[in-house]
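Working notes, beginning with the structure itself.
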Amino acid sequence: MWVQYYIPPLGAASYSDAASSSSVVTSGVFLLSTTTNMAASEGETNHSDGRLEFSLDVPFPSSREAVIALNSLSPDREPRKGGISKHLEVTGSTLSVKWSADEARILRVSVNSFMDHLSLVMETMEMFGPAVPL
Amino acid sequence: MTVVIGFEGSANKIGIGIIRDGEVLSNPRRTYITPPGQGFLPSDTARHHRAIILTVLKEALEQAGLKPADIDCVAYTKGPGMGAPLVTVALVARTVAQLWGKPLLGVNHCIGHIEMGRLITKANNPTVLYVSGGNTQVIAYSERRYRIFGETIDIAVGNCLDRFARVIKISNDPSPGYNIEQMAKKGSQYVELPYTVKGMDVSFSGILSYIEEAANKMLSSGQCTAEDLCFSLQETVFSMLVEITERAMAHCGSQEVLIVGGVGCNLRLQEMMGVMCKERGAKLFATDERFCIDNGAMIAQAGWEMFRSGQVTELEDSWITQRYRTDEVEVTWRN
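Residue numbers (the numbering used here), protein chains in the order written: chain A, 261 to 394; chain B, 205 to 539.
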């Protein structure tokens with residue numbers, strides 16, 4: 261199922277970058293797709309291992325910003341040892357994150373904290389950018 | 205000239221400082237202060253840092269009168285400390301390092317304290333007593349490592365003081381340790397407490413349990429005052445610290461002592477250490493609250509030394525770590 265997810269105060273809506281003003285993100289909406297394999301789900305995806313999956317796409321004005329966010333957000337490993345994995349990658353100017361977890365509770369904690377971290381990185385870019393030319 | 209900006213936020217202080225070749229250009233700091241009786245929890249502390257860090261960064265640049273282009277390296281605390289606050293600060297450091305196109309450098313918090321103390325006091329090769337809310341170590345330099353000669357086997361001395369302050373509801377503003385120090389000046393009766401030096405190491409958790417119980421009994425029955433307990437606690441734990449510092453000095457043949465860390469700005473500790481140093485013909489070095497207590501400049505200073513000796517931290521290696529011992533770092537900037 262597809263869910264529209266809003267990040268109220270510091271989302272992409274307020275993010276602008278002088279270097280690529282033509283490709284500003286038009287709204288603060290991130291598209292999230294969540295697929296779960298629980299019995300009650302619609303069952304369009306069938307994961308054999310029974311894990312919960314969650315994915316998030318974050319659009320940036322250019323690939324430069326997307327790569328900066330990737331590099332800032334990826335070094336720290338998940339605090340807990342098992343039960344969850346997270347994968348980040350950049351395609352074009354979009355940062356994509358995929359979670360796979362054993363329990364909804366663990367997934368929620370990880371996604372919540374990722375959102376906090378993401379909004380801090382975006383606010384930092386907004387206040388101390390634009391990025392110097394490479 | 206080398207200009208380094210340092211980000212610190214491993215505990216309840218968030219600080220960002222800029223150093224240019226030994227000169228502190230700016231060093232703004234904010235402290236997360238909890239109500240009396242309460243300690244600071246990781247997630248609340250991270251939220252505090254998160255809310256204020258960009259303002260502090262702006263201040264640091266403005267006070268230094270510098271533009272991002274003037275900075276040569278971005279240093280941040282890699283550890284040790286509380287995970288959530290460390291991540292918050294590291295995220296901003298990583299992001300600005302990339303935005304500004306500058307190298308990144310992960311600094312050991314303890315090394316930051318030592319290098320800042322050496323810079324400010326000009327102590328050459330001191331035996332270091334590092335005392336704070338999270339750490340208690342006696343350290344001496346040898347063969348490219350800051351080696352730990354003695355340390356706490358349980359809680360830090362500052363943690364013992366902070367938690368005692370919570371028991372008798374002493375204010376955390378500006379810090380529990382400062383308020384204990386002021387109250388201790390009015391204490392007159394010494395209440396005997398356990399004295400727990402174990403070889404080169406010390407232990408504070410038993411003292412804390414003992415004084416917690418004593419406080420409940422003795423204060424309600426009027427056998428002593430809160431001021432007496434503050435006085436007795438300080439005298440006991442500081443004596444222990446002076447003892448292990450002296451033993452480390454004797455072992456190393458050192459004639460210098462440097463006190464660093466938040467508890468290090470306690471004047472009674474400095475006074476007691478001064479007496480011991482005088483007896484041995486040694487010199488005591490200490491700094492005031494600006495540089496003793498966690499601050500950004502100390503991370504910048506350690507970062508400056510590391511950067512000048514050729515170290516940088518790649519982004520993929522820039523993860524934070526809650527445990528990071530002082531002796532894990534190879535000191536590439538000293539002989």
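A virtual CB, placed ideally from N, CA and C, is assigned to each residue, including glycine.
According to DSSP, residues forming a beta bridge with residue i
i: HIS347/A; result: LYS358/A
i: ASP498/B; result: Bridge partners of ASP498/B: none, in fact.
i: LEU309/B; result: ALA279/B
i: SER230/B; result: ILE222/B
i: THR292/B; result: None, per the DSSP bridge assignment.
i: THR235/B; result: LYS217/B
Residue i: first and last residue of the uninterrupted beta strand (DSSP E) it sits in
i: ALA344/B; result: 340 to 346
i: GLY478/B; result: No beta strand (DSSP E) contains GLY478/B, which is instead part of the alpha helix (DSSP H) from 471 to 484.
i: TYR350/B; result: 349 to 355
i: LEU333/B; result: 331 to 335
Helix, strand or coil at residue i according to DSSP, with G and I counted as helix
i: GLU212/B; result: strand
i: LYS341/A; result: coil
i: ALA279/B; result: strand
i: ASP405/B; result: strand
i: LYS487/B; result: strand
i: GLY219/B; result: strand
i: TYR394/B; result: coil
i: TYR382/B; result: helix
i: VAL207/B; result: strand
i: THR517/B; result: strand
i: THR299/B; result: helix
i: TYR528/B; result: coil
i: THR536/B; result: coil
i: THR325/B; result: helix
i: MET286/B; result: coil
i: ALA391/A; result: coil
i: ILE374/B; result: coil
i: TRP523/B; result: coil
i: LYS389/B; result: coil
i: ASP274/B; result: helix
i: GLY352/A; result: coil
i: VAL289/A; result: Its pLDDT being 41, under 50, VAL289/A is placed unreliably by the model, and the measurement read from it follows with that caveat. The answer is strand: DSSP assigns VAL289/A an E or B state.
i: GLN505/B; result: helix
i: TYR399/B; result: coil
i: GLY316/B; result: helix
i: GLY410/B; result: helix
i: ALA419/B; result: helix
i: ALA300/A; result: Model confidence at ALA300/A stands at a pLDDT of 36, short of 50, so the residue's coordinates are unreliable; what they give is reported in the following sentence. Residue state, collapsed to three classes: coil.
i: ASN306/A; result: Here the model assigns ASN306/A a pLDDT of 49, short of 50, so the residue's position is not dependable, and the following value carries that caveat. Reduced to three states, the DSSP call for ASN306/A is coil.
Element boundaries [alpha helix (DSSP H), containing residue i]
i: ALA268/B; result: 246 to 268
i: ARG365/A; result: 364 to 388
i: GLY362/B; result: 361 to 371
9 Å Cβ cut-off: residues of chain D touching residue i
i: GLY468/B; result: Of the chains in the structure shown, none is chain D; the protein chains are A and B.
Legend entry - 4-residue-minimum alpha helix (DSSP H) runs that sit fully inside the stretch 309 to 333 of chain A, ordered along the chain: At a cut-off of 4 residues, the continuous stretches assigned as alpha helix (DSSP H) that sit fully inside the stretch 309 to 333 of chain A are 323 to 333.
Inset, instruction - Run through the stretch 425 to 469 of chain B for me and flag every whole beta strand (DSSP E) of 3 or more residues, listed as ranges in chain order. - result: Those beta strand (DSSP E) runs which fall completely within the stretch 425 to 469 of chain B and span 3+ residues are 460 to 464.
Inset, instruction - Could you tell me whether the stretch 236 to 243 of chain B touches the stretch 362 to 377 of chain B, where touching means 3 or more Cβ pairs closer than 8 Å? - result: With the rule of 3 Cβ pairs closer than 8 Å, the stretch 236 to 243 of chain B counts as touching the stretch 362 to 377 of chain B.
Inset, instruction - Examine the Cβ distances between the stretch 471 to 491 of chain B and the stretch 290 to 305 of chain B and report whether three or more of them are shorter than 8 Å. - result: Judged by pairs of C-beta atoms under 8 Å, the stretch 471 to 491 of chain B does not touch the stretch 290 to 305 of chain B, as fewer than three such pairs exist.
Legend entry - Cβ contact check for the stretch 319 to 331 of chain B and the stretch 394 to 411 of chain B: 3 or more pairs under 8 Å: Contact between the stretch 319 to 331 of chain B and the stretch 394 to 411 of chain B is not established, with fewer than three Cβ pairs separated by less than 8 Å.
Inset, instruction - Kindly confirm or deny that the stretch 446 to 462 of chain B and the stretch 349 to 364 of chain A touch, where touching means at least three C-beta pairs closer than 8 Å. - result: Result no; under three Cβ-Cβ pairs closer than 8 Å.
Legend entry - Validate contact between the stretch 266 to 286 of chain B and the stretch 463 to 474 of chain B using beta carbons, cut 8 Å, 3 pairs: Cβ pair count under 8 Å is below three, so no.
Legend entry - Stretch pair the stretch 255 to 266 of chain B + the stretch 225 to 232 of chain B: three plus CB contacts closer than 8 Å: Flag = yes, the stretch 255 to 266 of chain B and the stretch 225 to 232 of chain B touch.
Legend entry - Segment contact flag, the stretch 381 to 395 of chain B with the stretch 430 to 438 of chain B, C-beta cutoff 8 Å, min 3 pairs: Counting C-beta pairs with one atom in each stretch, the stretch 381 to 395 of chain B and the stretch 430 to 438 of chain B have three or more that are closer than 8 Å, which means they touch.
Legend entry - Given 8 Å, three or more beta-carbon pairs between the stretch 243 to 256 of chain B and the stretch 515 to 527 of chain B: Contact between the stretch 243 to 256 of chain B and the stretch 515 to 527 of chain B is absent, because fewer than three Cβ pairs lie under 8 Å.
Legend entry - At least 3 beta-carbon pairs within less than 8 Å: the stretch 320 to 337 of chain A vs the stretch 497 to 512 of chain B: Under the Cβ criterion (8 Å, minimum of three pairs), the stretch 320 to 337 of chain A does not count as touching the stretch 497 to 512 of chain B.
Legend entry - Inter-stretch contact at 8 Å, needing at least 3 Cβ pairs: the stretch 207 to 226 of chain B / the stretch 350 to 358 of chain A: Below 8 Å, too few C-beta pairs join the stretch 207 to 226 of chain B and the stretch 350 to 358 of chain A to call them touching: fewer than three.
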